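Following my numbering, the numbering of the sequence shown begins with 415 at its first residue and continues without gaps.
Ideal Cβ placement from N, Cα and C applies to all residues, glycine included.
These figures come from a predicted structure and were not determined experimentally.
Have a look at the structure below before the remarks.
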Amino acid sequence: MRLFKVLSTGFLLLAVSQIKAQESAQKKPDNPVKCLNIKEGKFIRANYPEAIWHMTIKDNVQTEYFNNGKDYIKSTLVFVDDCNYKSIVMEKSDKNDPAQIGDVFNNKVVATQDNLLKINTKIEGSQFDVVYIKVK
415 MRLFKVLSTG FLLLAVSQIK AQESAQKKPD NPVKCLNIKE GKFIRANYPE
465 AIWHMTIKDN VQTEYFNNGK DYIKSTLVFV DDCNYKSIVM EKSDKNDPAQ
515 IGDVFNNKVV ATQDNLLKIN TKIEGSQFDV VYIKVK
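Put into structure tokens, the structure is as follows:
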């Protein structure tokens, strides 16, 4: 019984020290926000394998790839300022995708941390936040 108490106490101390280490290892968001990180590169989303979804941005053209790259949505980007931009759908391969040619998404880079970018997107009264991971 004494061995059980010693082991239980040891595991509890180990768990607490791990939690403390993780808390201190977390970094703070960039201040100021590094909005220019969205202007060019390759991006993925957490918990989405690259084969399911990834995106490239180059020369103010954003291309989102789906279905192992077989389907795509291509948009033109118009930057209002460094942190705000509009993406206008110009082409798409999947006719069943709800995005329509001519749709305008209003985007704002709201936070960055190293290679992470949190984007707030608005379209037709709806809005949502997406976190991208810049891989290139």
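CB residue i to CB residue j, shorter than 9 Å?
i	j	result
K522	G455	no
I471	E464	no
V503	V518	yes
T535	Q527	no
N451	N529	yes
Got a sec: does the ligand MG put a non-hydrogen atom nearer than 8 Å to the Cβ of residue i?
i	result
K509	This structure simply doesn't include the ligand MG, nor any ligand for that matter.
Figure out for me which residue from the options has the closest Cα to the Cα of residue i.
i	options	result
Y486	C497, V492, I466 and D495	I466
N445	L531, I537, K488 and V544	L531
G516	D543, K488 and I533	K488
For residue i and residue j, what's the separation of their Cα atoms in angstroms?
i	j	result
K453	V494	12 Å
K550	D511	27 Å
Y546	S507	22 Å
P443	A525	7 Å
Q476	C497	16 Å
F480	K441	31 Å
Y462	N474	24 Å
G483	Q514	19 Å
M469	E478	4 Å
I533	A460	13 Å
D543	K509	25 Å
K448	T490	21 Å
Under a Cβ-count criterion, where at least 16 other Cβ atoms within 10 Å of its own Cβ denotes burial, should residue i be classed as buried or exposed?
i	result
S501	buried
E505	exposed
E538	exposed
Which partner residues of residue i appear in the DSSP bridge assignment?
i	result
E478	M469 and I487
Y499	F493 and N521
D511	None, per the DSSP bridge assignment.
N451	N451 is not bridged to any residue.
Y546	R459 and L531
E464	E464 is not bridged to any residue.
K506	I487
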